[in-house]
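Numbering (my numbering), first residue to last: -9 to 303.
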Ligand code: FAD
Ligand code: NAP
């Protein structure tokens, strides 16, 4: 049996929502504990330039997240490197179990577990994950210096990843199932004028082709969604960038969720279906999914938790 820790506010997650909640809850003298999870700093640690965080015309994602962690700690938030594996929301104080063996009890919980990369679900994608198939250009782009790469998707992530990968690759093919991108116009314009990037419209990934000795990708087979015709594109790397799904494993059976799995909150608040449990950031937001909106919801969650605790007292 590990250690037991009690806190007024337990914050689960260390993205913009979690750290902002940490700043506000600390300044409300709630002495919060923040558990970072498997990805300290959250999704922005997997990107490079962030150009839409107010106050910085450009900042590296990992630097921004280190700044937020430092800020939360400076205000008094205790930041712990652990992963919550279970959360009992049936009684108060709420009980969360940490992978470390520590049990956390809390008067209020702020869920800020964000979202994780989605995969296509192909057998060949699974077979070559970590051997040419990736969902993080910042993490793995360097391995493909001078090689040909494909990126799947048509949103901000896919376009940013394709642009970033041109720093390494000799050629990047962006495979998208439509002929219209979902990304911001400024990113689309950069993509379309980059000589190293070739979009392949109206295509879907059919199969990742590779060899086993040594294990690696040699090509992809892409299917034309209109004609069914298959095109084989030689490449060494495949970056899947088709969006993110909310990380609701801890609460999928205990809190009300929207279709698509996002945690439902009372409009205009961060209150979930269980009083005392608050949700902020990408976990609850199928629409905006930005760092700044997540941070805003982190602030709201801390203020909502503060009011909830005051009412209980
Ligand atoms: P996340 O950042 O997803 O963080 C979730 C946190 O929860 C992580 O720290 C994780 O470790 C933790 N966690 C999960 N499960 C557990 C658990 N069981 N126990 C403990 N902790 C747990 N937005 C912008 O505004 N500008 C950009 O330029 C931009 N670029 C992006 C580039 C990429 C490649 C991606 C993927 C996203 C980008 N976004 C950008 C979107 C932005 O990153 C997200 O909107 C934002 O990070 C969401 O913040 P969050 O706090 O809700 O969660
Ligand atoms: P997204 O906006 O949901 O886009 C996902 C893309 O993948 C779409 O183009 C979609 O095609 C495609 N797709 C989805 N499922 C597919 C499948 N099974 N097969 C083939 N293609 C598939 O996801 P995202 O790009 O990861 O962005 C997530 C959020 O983070 C967004 O809110 C975004 O604005 C934000 N973000 C912001 C920035 C920034 O501000 N610079 C950077 C990155 C991310 P369709 O278009 O046909 O649906």
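Backbone N, C-alpha and C fix where the C-beta goes; we use that ideal spot for every residue, glycine too.
Counted as a single uninterrupted DSSP element, the alpha helix (DSSP H) harbouring residue 61 occupies residues 51 to 65.
Here residue 279 is buried: its Cβ has 16 or more other Cβ atoms, across all protein chains shown, within 10 Å.
Its chain contains 11, 14 and 15 as the residues whose beta carbon lies nearer than 6 Å to that of residue 292, once the 5 sequence neighbours on both sides are disregarded; these appear in chain order. Rounded to the nearest whole angstrom, the C-alpha separation of residue 255 and residue 101 is 11 Å. Taken in chain order, the unbroken stretches of beta strand (DSSP E) that lie wholly in the stretch 170 to 228 and span 3 residues or more are 187 to 190, 193 to 202, 205 to 214 and 220 to 224. Burial state of residue 132 is exposed, judged by a 10 Å Cβ sphere holding fewer than 16 other Cβ atoms. If you check the CB distance, residue 94 and residue -3 come in under 8 Å. In the displayed model, residue 232 falls within coil according to three-state DSSP, outside both helix and strand. DSSP places residue 297 in the uninterrupted alpha helix (DSSP H) bounded by 281 to 302.
Relative to the Cα of residue 6, the nearest Cα in the group 296, 284, 240 and 17 belongs to 284.
Your pair residue 272 and residue 248 does not check out as a contact, with CB atoms roughly 13 Å apart and the cut at 8 Å. Residue 40 places its beta carbon less than 8 Å from that of residue 54.
Under DSSP, residue 94 forms a beta bridge with -5 and 86. In the structure shown, residue 103 adopts coil according to DSSP, grouped into three states. Using a Cβ-Cβ distance cut-off of 8 Å, the stretch 258 to 272 and the stretch 180 to 197 are not in contact, since fewer than three pairs of beta carbons, one from each stretch, lie closer than that value.
Residue pairing from DSSP places residue 140 in a beta bridge opposite 163 and 228. For residue 275, the three-state secondary structure derived from DSSP is coil. Secondary structure at residue 29: coil, using DSSP grouped into helix, strand and coil.
By the Cβ criterion, the stretch 205 to 221 is not in contact with the stretch 54 to 69, since fewer than three pairs of Cβ atoms, one from each stretch, lie closer than 8 Å.
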